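A.B. asks: The numbering of the sequence shown is the working numbering, which starts it at 8 and goes up by one.
By construction, the Cβ of each residue, glycine as well, lies at the ideal position given by its N, Cα and C atoms.
Because the structure is a prediction, the values reported are computed rather than measured.
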Amino acid sequence: MRRGAPRCSGGYEMNIPDLLEIAVAWKRAARPTDEEQEKADARVSICNGCEHKAFREFLHIYVCDACGCPLNKKIYSPRGPEACPKNKWHI
Ligand code: SF4
């Protein structure tokens, strides 16, 4: 399978690296370092202006509808800009 942005939603296959990335992102979201928080803040400001940011009523969370990931965790991905499926992140 091609390595790309994490695939969090149903209908997509996830592999071990994807699951590890998600686990690290959730851990960082719970207790970020100053550097991780700074990066997350920069990413969320990009997501806030993106047409792929979508609210999921039943979960009461915002997700990236390009990959299905919850944005409040995705922004803490340990990967670089390539974690954004539409190549909009620069950090
Ligand atoms: S495509 Fe990228 S910038 Fe847009 S919501 Fe998804 S992660 Fe954020």
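May I ask you to verify whether the region 79–91 touches the region 24–31, counting CB pairs closer than 8 Å and requiring at least 3?
C.D. replies: Verdict: yes, contact present.
A.B. asks: Ala61 and Asp72: beta carbons closer than 8 Å?
C.D. replies: Here the question's residue 61 lines up with position 54 in the sequence shown. Here the question's residue 72 lines up with position 65 in the sequence shown. Yes. Within cutoff.
A.B. asks: What does the alpha-carbon distance come out to for the pair Gly56 and Arg35?
C.D. replies: Position 49 of the sequence shown, counted from the start, is the residue given in the question as residue 56. Position 28 of the sequence shown, counted from the start, is the residue given in the question as residue 35. Rounded to the nearest angstrom, the two C-alpha atoms are 23 Å apart.
A.B. asks: Give me the Cβ distance between Cys54 and Leu78, rounded to the nearest whole Å; I'm assuming they're in contact under 8 Å.
C.D. replies: The residue labelled residue 54 in the question sits at position 47 within the sequence shown. The residue labelled residue 78 in the question sits at position 71 within the sequence shown. Yes, Cys54 and Leu78 are in contact; Cβ-Cβ is about 5 Å, under 8 Å.
A.B. asks: Give a single yes or no on whether Lys60 has its beta carbon closer than 7 Å to a heavy atom of the ligand SF4.
C.D. replies: Residue numbering aside, residue 60 sits at position 53 when the sequence shown is read from its first letter. At least one heavy atom of the ligand SF4 is nearer than 7 Å to the Cβ of Lys60, so yes.
A.B. asks: Under the DSSP definition of a beta bridge, which residues are partnered with Cys71?
C.D. replies: To locate residue 71, count along the sequence shown from 1; it is residue 64. The partner list for Cys71 (beta bridge, DSSP) reads Lys60.
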